[in-house]
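K.L.:
This is the structure I have questions about; it appears just below.
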Amino acid sequence: MNLPNKLTLLRIALVPVYLVLQAMDARWTAWAALAVFALAALTDLLDGKLARARGQVTNFGKFMDPIADKLLVIPAAVLMVSQGGLVPAWVCIVWVAREFVVSGLRMVAAERGVVIPAGQMGKVKAAAQMAAIMLLTVNLPWLGWLSAAALYLATALTVLSCAQYVWEGRYVLKENGKLKMEN
């Protein structure tokens, strides 16, 4: 297993550590959770760059990297919904719904032999979500406005990136020039 794939697995392994620290009710644990989340976010930045630079792009990495991102961001947002509404439930629902839509579109495309790669907007969305989670992790009152702005910017980017994936991948839903809708 190459280093980029090990970084992806490290990101996944850090998720429960972050969640336990974030769920604890002590100031020091919030800062420790922030450090763990920041390390996990850094692995997201590094794994892809290293894989491309070293010519170590693998099918495992292509498959697991976006899953690792979702496993990092979505549970953190869900936990924050339960922590006095640090993240409003509707924001969490939008984030999760986007992942279902994009994953579903990718599954349909894969069934037809088409790969829908991660787009730049999706990468910016992921970075914005991670930044918002980091700000909310420490939940400092004097950063309240910045945390809220980051959260709503991340949510807007989530909607825009979903729309972009659907628009750019709409052709995979068509069969013989007609939109194919199956249950």
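Numbered by the numbering used here, the letters in the sequence shown go through residues 1476 to 1658 in order. Glycine included, C-beta positions come from ideal geometry on N, C-alpha and C. None of the values given here were measured: they were computed from a predicted structure.
1. Roughly how many angstroms separate the alpha carbons of VAL1562 and ALA1606, rounded to a whole number?
2. Mapping DSSP to helix, strand and coil, what is PHE1575?
3. Measure the Cβ-Cβ separation of ALA1593 and ALA1629 and say whether it is below 8 Å.
4. Three-state secondary structure (DSSP) at ASN1658?
5. Please say whether GLY1560 and THR1483 have beta carbons closer to each other than 8 Å?
6. Could you tell me the distance, in whole angstroms, from the CA atom of LEU1494 to the CA atom of LEU1517?
7. Based on Cα-Cα distance, which residue from VAL1647, LEU1554, VAL1599, ASN1614 lies nearest to ALA1585?
8. Let me know if LYS1600 comes out buried or exposed under the rule of 16 or more other beta-carbons within 10 Å of its beta-carbon.
P.N.:
In terms of the structure at hand:
1. Straight through space, the alpha carbons of ALA1606 and VAL1562 are spaced by roughly 13 Å.
2. Helix at PHE1575.
3. No, the pair does not count as a contact, with Cβ atoms beyond the cut-off.
4. With a pLDDT of 43 at ASN1658, under the threshold of 50, the predicted position of this residue should be treated as unreliable, though the coordinate-derived value follows. In the structure shown, the three-state DSSP call for ASN1658 is coil.
5. No. Outside cutoff.
6. Taking the straight line joining both Cα atoms gives about 17 Å.
7. Checking every option, the nearest Cα to that of ALA1585 belongs to VAL1647.
8. Residue burial is scored here from C-beta neighbours: LYS1600 has at least 16 other C-beta atoms within 10 angstroms and is therefore classed as buried.
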